[in-house]
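Visitor: Residue numbers (the working numbering), protein chains in the order written: chain A, 1 to 111; chain B, 1001 to 1116.
C-beta atoms are modelled at their ideal positions from N, C-alpha and C, and glycine is treated no differently.
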Amino acid sequence: KQEVTQIPAALSVPEGENLVLNCSFTDSAIYNLQWFRQDPGKGLTSLLLIQSSQREQTSGRLNASLDKSSGRSTLYIAASQPGDSATYLCAVLRSNYQLIWGAGTKLIIKP
Amino acid sequence: EAGVAQSPRYKIIEKRQSVAFWCNPISGHATLYWYQQILGQGPKLLIQFQNNGVVDDSQLPKDRFSAERLKGVDSTLKIQPAKLEDSAVYLCASSLGSGRVNQPQHFGDGTRLSIL
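#1: Is there at least one Cβ from chain B nearer than 7 Å to A103 of chain A's Cβ?
#2: Let's see if you can read the secondary structure: which residues bound the beta strand (DSSP E) around V1019 of chain B?
#3: With distances taken between CB atoms, is the gap from L1077 of chain B to A1067 of chain B smaller than 7 Å?
#4: Which chain B residues sit within Cβ distance under 8 Å of Q98 of chain A?
#5: Pull up the DSSP beta-bridge partners for A91 of chain A, would you.
#6: Taking all protein chains shown into account, decide if T105 of chain A is buried (16 or more other Cβ within 10 angstroms of its Cβ) or exposed.
#7: Which of the three DSSP states, helix, strand or coil, is assigned to D1086 of chain B?
#8: Which chain A residues sit within Cβ distance under 9 Å of D1109 of chain B?
#9: Leaving aside the five residues before and after S52 of chain A along the sequence, list all residues of the same chain whose C-beta is less than 7 Å from its C-beta, in chain order.
#10: The beta strand (DSSP E) spanning T26 of chain A covers which residue range?
#11: Would you check if the region 1022–1032 of chain B and the region 1046–1058 of chain B touch, i.e. whether three or more CB-CB distances between them fall below 8 Å?
#12: Just checking: is the beta-carbon of S46 of chain A within a distance shorter than 7 Å of some beta-carbon in chain B?
#13: Quick check for students: name the residue ranges of the beta strand (DSSP E) that lie wholly in the region 1014–1072 of chain B, counting only runs of 3 or more.
#14: Rounded to whole angstroms, how far is the Cβ of L44 of chain A from the Cβ of W35 of chain A, which I believe are closer than 8 Å?
#15: Quick check: the region 69–80 of chain A against the region 14–22 of chain A, are there 3 or more CB pairs under 8 Å?
#16: Could you tell me which of A:E17, A:G16, A:E3 sits nearest to G1042 of chain B, measuring between CA atoms?
#17: Would you grab the beta carbon distance between G102 of chain A and L89 of chain A for me? Rounded to a whole angstrom, and I think it's under 8 Å.
#18: Just to confirm the assignment, what range does the beta strand (DSSP E) spanning Q1006 of chain B have?
#19: Counting only beta-carbon separations shorter than 7 Å, does P1104 of chain B have a partner in chain A?
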């Protein structure tokens, strides 16, 4: 059974710092891994999608890495801004096309 | 491009009452998903449609939850009767098709359901 874990559950850092969010999964048989952002009272916005054959993806100040063999992914946020404050969730796509989600990391960027 | 539309945004009902949620996916998206997200948890897939057929409803509590997508476009999710543990945000998402594994899911803003 695929399980996805995100640690820590919450993180607070000063503005301008670089930070890393972690995601681990138990079954390496995945099609892809995605990172999403969720703002309070809103749905989820896809940030980055890493295919199972890829090692990383970049979009602006965001960089996501994938290590299937160890069952880990990281989301790196450079030069954090208060607008980055949100909950970040990772999800893996299984062979039956079902997304399995982590519980998320709530990120607070202090001005 | 218009996003996924959901209504209502909020709903408060008493336990044992009935409630229905509506979702209009992005135009042309064949796959539609309903998720339940309990506070502090990741979303849990309730049901997945491919056009108007059910692909996966293994986690749908079928004794009280039902969903339909009759014309392969809009969808409704119903709970009857509601229980306290159904308090959650119900998210609808759509994607181009489940056969395209790298097509992202696009989410609506969800319906926040509170059961008193």
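Guide: With the given structure in hand:
#1: Answer yes: the Cβ-Cβ gap between A103 of chain A and chain B drops below 7 Å somewhere.
#2: Taken as a continuous stretch (DSSP letters only), the beta strand (DSSP E) holding V1019 of chain B covers 1019–1024.
#3: For L1077 of chain B and A1067 of chain B, yes; Cβs fall inside 7 Å.
#4: Residues of chain B passing the Cβ test: L1045, Q1048, D1056.
#5: Answer by DSSP bridge pairing, in chain order: A:Q34, A:W101.
#6: When all chains shown are included, T105 of chain A counts as buried.
#7: D1086 of chain B: helix per DSSP, three-state reduction.
#8: Those within 9 Å of D1109 of chain B in chain A are G41, K42, G43.
#9: Taking C-beta separations shorter than 7 Å and ignoring five residues to either side along the sequence, the partners of S52 of chain A in its chain run I30, Y31, N32, K68, following chain order.
#10: Note, T26 of chain A: premise wrong, no beta strand (DSSP E); not H, not E.
#11: The answer is yes - the region 1022–1032 of chain B touches the region 1046–1058 of chain B, with three or more Cβ pairs under 8 Å.
#12: Interface annotation, S46 of chain A: in contact with chain B, CB-CB separation under 7 Å.
#13: Secondary structure within the region 1014–1072 of chain B: the beta strand (DSSP E) runs of 3 or more consecutive residues, fully enclosed, are 1019–1024, 1031–1037, 1044–1050, 1053–1056, 1065–1068 (chain order).
#14: Rounded, the Cβ-Cβ distance is 10 Å, inconsistent with contact.
#15: The answer is yes - the region 14–22 of chain A touches the region 69–80 of chain A, with three or more Cβ pairs under 8 Å.
#16: The shortest Cα separation from G1042 of chain B among A:E17, A:G16, A:E3 belongs to A:E3.
#17: About 6 Å separates the beta carbon of G102 of chain A from that of L89 of chain A, a gap short enough to meet the 8 Å contact definition.
#18: DSSP places Q1006 of chain B in the uninterrupted beta strand (DSSP E) bounded by 1005–1007.
#19: Contact of P1104 of chain B with chain A is assigned, a C-beta pair being separated by under 7 Å.
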